[in-house]
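J.: I'd like to ask some things about the structure below.
Protein chains in written order, with the working numbering: chain B, 43 to 258; chain C, 578 to 943.
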């Protein structure tokens, strides 16, 4: 291939790149506009609320069933499994709600970024400059969102649901440990509690003895 | 070529260059062994071990200028290696080079077995035992305490409860008023304060009951969320920026190693930290109690140096500044320094400033 042909090929390729880039930029711009201008963000939050509602009904039903009277010889392990399952369903719903709240700022960040780009001379900006601008705007929006009441509520409910699920998993694992005659997590906690308290008593006695002998 | 073609050609060149950098970063990581990434390398020897807690004495690096021993106490949320990340970015090495007799209390890696340890144990047992040991080893009646972050709170409590054993108190990036974040106008400051207050006390009890500790991974994710875009770009855009400079690349890996080494926070101590301090703000209002005794800041009679970072997003400056006027000592110095929570210790810009200020202040009180 001659130099001239190569140059021509490079120019053609660059032009293709340019067209492709422009078309991608225009498409993404249209998508963002369509997203922010539509009821999509509203639908997302509705979807999460709806999901939460339905799922809460299911987990509440499992809860009601599993919190029934305890029987001496049957049902206990199944009850623990059912409670863990109910907690898992609740966790999934809380996670969906949290994701809906936590992802909201991206729409606003996209709008602001496009606005900023339309005002600046983009041809003089490299992609790193553009990315830095995008990161700056997104960071501001994400941080602002993380201080809102909606975020604090979603985060708190997600943490509560995650802890409930983990706690019920622990109940199941304790039941299995007990079944195989192994010390449970609660047994070990009790041992370490006694050990810590015993150590405190021994050290307090030592200090008293040392002080009575006038040692530091 | 038209302007449009120039732009496209430039873009194509940048994409090619960055693809090469990503490839290089992958190769560099693949060819680097973890043992080559060293942190906390300043020479020291073990003096005492108590449970998982160890007391070290650093080897001297220069002629002694301050004879009073200095005990460094870090918090339980991270490891002390932040103060000794690498030889040219090390608070401990800088202080040793300025002739200080430096000791370190390392809390080790608490786990579920340490669930029942309280701040009372850390202050009145571990720190007290370390101070007594240093006094015996050196013949000094009193020591200087240098607390960092949560370790600063521990040393403040110790200085209030055991003033007869404390010659000077130096605290860095230490929260005193846990609600002062509300005065901070920077939106990225004080998320831990805000998020902790948004929880019910019962949530914190449940967290500790469930895990036995405040899990290190949990705190890592909290810290990541506080700098959202930085957390998203760390392993891609930030990484390719350092691949051409071996020093910067190794700095990146050392910081990663420190971040990965996040211990669990003992459970009962975490309850006190989050509920009594972050939620109820008991230290500043004088109702915080350890071992049945009220921690009265007015009982601090030693000279106090309070250093904080002006862009500290974890401990907002006003939370630290609050100590002024609350203590019994009239010898109180505040030094606000530029930088962030971790940057104060590890950034190239802050190197020297922190250690110089501490050393000068201690020499003046020797």
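Glycine included, each C-beta is placed from N, C-alpha and C at the ideal position.
Which residues in the same chain as residue 918 (chain C) place their Cβ atom closer than 7 Å to its Cβ, once the five residues preceding and following it in sequence are excluded?
T.: So the list reads 750, 886, 889, 890, 891 and 892, once near-sequence residues are dropped.
J.: Within this structure, are the beta carbons of residue 694 (chain C) and residue 846 (chain C) separated by less than 8 Å?
T.: Against a cut-off of 8 Å, the Cβ pair of residue 846 (chain C) and residue 694 (chain C) comes out as a contact.
J.: Applying the 10 Å Cβ sphere with the 16-neighbour rule, what's the burial state of residue 608 (chain C)?
T.: Residue 608 (chain C) comes out exposed.
J.: Which of the three DSSP states is assigned to residue 858 (chain C) in this structure?
T.: Reduced to three states, the DSSP call for residue 858 (chain C) is coil.
J.: Taking DSSP's pairing of strands, which residues face residue 661 (chain C) in a bridge?
T.: Answer by DSSP bridge pairing, in chain order: C:667.
J.: Note the first and the last residue of the continuous beta strand (DSSP E) segment covering residue 721 (chain C).
T.: That run of the beta strand (DSSP E) goes 720-725.
J.: Out of C:826, C:839 and C:737, state which residue places its alpha-carbon closest to the alpha-carbon of residue 875 (chain C).
T.: The shortest Cα separation from residue 875 (chain C) among C:826, C:839 and C:737 belongs to C:737.
J.: Please report the straight-line C-alpha distance between residue 88 (chain B) and residue 138 (chain B), rounded to a whole angstrom.
T.: Bear in mind that the predicted position of residue 88 (chain B) carries a pLDDT of just 46, short of 50, making it unreliable; the figure below should be weighed with that in mind. Approximately 11 Å between the Cα atoms of the pair.
J.: Please confirm if residue 690 (chain C) has its CB atom under 8 Å from at least one CB of chain B.
T.: Output row for residue 690 (chain C): interface = yes.
J.: Select from the stretch 609-621 of chain C all residues with a C-beta closer than 7 Å to any C-beta belonging to chain B, and list them in chain order.
T.: So nothing in the stretch comes that close.
J.: Name the DSSP beta bridge partners of residue 144 (chain B), please?
T.: Answer by DSSP bridge pairing: none, since residue 144 (chain B) is not bridged.
J.: Check the Cβ-Cβ distances between residue 163 (chain B) and every residue of chain C, and say whether any is below 8 Å.
T.: It does not; no Cβ of chain C falls within 8 Å.
J.: I'd like to check one pair, residue 868 (chain C) with residue 697 (chain C): are the Cβ atoms closer than 8 Å?
T.: For residue 697 (chain C) and residue 868 (chain C), yes; Cβs fall inside 8 Å.
J.: To the nearest angstrom, report how far apart residue 93 (chain B) and residue 812 (chain C) are at their CA atoms.
T.: Caution applies to residue 93 (chain B), whose pLDDT of 49 falls short of 50 and renders its modelled position unreliable; the model cannot decide the point.
J.: Can you give me the Cβ contacts of residue 151 (chain B) inside the same chain, cut-off strictly under 7 Å, excluding the 5 residues immediately before and after it?
T.: Once the five neighbours on either side are set aside, the close Cβ partners of residue 151 (chain B) are 179, 180 and 183.
J.: Is the CB of residue 783 (chain C) under 8 Å away from at least one CB in chain B?
T.: Residue 783 (chain C) counts as touching chain B.
J.: In this structure, how does DSSP classify residue 682 (chain C) when only helix, strand and coil are distinguished?
T.: DSSP places residue 682 (chain C) in strand when its eight states are reduced to three.
J.: Grab the span of the beta strand (DSSP E) containing residue 759 (chain C) for me, first residue to last.
T.: It is not in any beta strand (DSSP E) - residue 759 (chain C) carries neither H nor E in the DSSP assignment.
J.: Given this structure, state the Cα-to-Cα distance separating residue 800 (chain C) from residue 649 (chain C), to the nearest angstrom.
T.: Roughly 24 Å between the two C-alpha positions.
J.: Please classify residue 599 (chain C): is it buried, with 16 or more other beta-carbons within 10 angstroms of its beta-carbon, or exposed?
T.: It counts as exposed.
J.: Where in the stretch 611-664 of chain C do unbroken runs of the beta strand (DSSP E), each at least 3 residues long, occur, reported from the N-terminal end onward?
T.: Those beta strand (DSSP E) runs which fall completely within the stretch 611-664 of chain C and span 3+ residues are 621-627, 630-635, 643-650 and 661-663.
J.: Can the beta-carbon of residue 673 (chain C) be found less than 8 Å from the beta-carbon of residue 643 (chain C)?
T.: Their beta carbons are not under 8 Å apart, which means residue 673 (chain C) does not touch residue 643 (chain C) by this criterion.
J.: By the DSSP assignment, the alpha helix (DSSP H) with residue 829 (chain C) in it spans what residues?
T.: Start and end: 823-837.
J.: Over the uninterrupted alpha helix (DSSP H) stretch that includes residue 711 (chain C), give me the two end residues.
T.: 705-715 is the extent of the alpha helix (DSSP H) around residue 711 (chain C).
J.: Can you pull the chain B neighbours of residue 755 (chain C), defined as C-beta to C-beta under 9 Å?
T.: Residues of chain B passing the Cβ test: none, with the nearest at roughly 17 Å.
J.: Could you check whether the Cβ of residue 197 (chain B) sits closer than 8 Å to any Cβ belonging to chain C?
T.: Yes - at least one Cβ of chain C is within 8 Å of the one on residue 197 (chain B).
J.: Would you mind giving the Cβ-Cβ distance between residue 839 (chain C) and residue 796 (chain C), rounded to the nearest angstrom? I have them listed as a contact below 8 Å.
T.: Confirmed, about 6 Å.
J.: Please state whether DSSP places residue 886 (chain C) in a helix, a strand or coil.
T.: Of the three classes helix, strand and coil, the one that applies to residue 886 (chain C) here is strand, per DSSP.
J.: Output, in sequence order along the chain, the residues in the stretch 882-900 of chain C whose CB is closer than 8 Å to any CB in chain B.
T.: For the stretch 882-900 of chain C, which is checked against every Cβ of chain B, not one residue is closer than 8 Å.
J.: Would you decide whether residue 862 (chain C) is buried or exposed? Buried here means 16 or more other CB atoms lie within 10 Å of its CB.
T.: Label assigned to residue 862 (chain C): exposed.
J.: Can you list, in chain order, the residues of its chain whose CB lies under 7 Å from that of residue 140 (chain B), leaving out five sequence neighbours each side?
T.: Here the set comprises 196, 197 and 200.
J.: Where do the N-terminal and C-terminal ends of the beta strand (DSSP E) with residue 914 (chain C) fall, by residue?
T.: That run of the beta strand (DSSP E) goes 909-914.
J.: Sorted by chain position, which residues of the same chain lie with C-beta nearer than 7 Å to residue 634 (chain C)'s C-beta, five sequence neighbours on each side aside?
T.: For residue 634 (chain C), where only same-chain residues beyond five positions count, the Cβ hits under 7 Å are 621, 622, 624 and 680.
J.: Find the residues of chain B that neighbour residue 764 (chain C), judging by a C-beta separation of less than 7 Å, and give them in chain order.
T.: Correct list: 185, 186 and 189.
J.: Any contact between the stretch 696-713 of chain C and the stretch 758-772 of chain C? By contact I mean 3 or more CB pairs, one from each, below 8 Å.
T.: Not touching, per the Cβ criterion.
J.: Do you know offhand how far residue 654 (chain C)'s Cα is from residue 663 (chain C)'s?
T.: Distance between the alpha carbons of residue 654 (chain C) and residue 663 (chain C): 20 Å.
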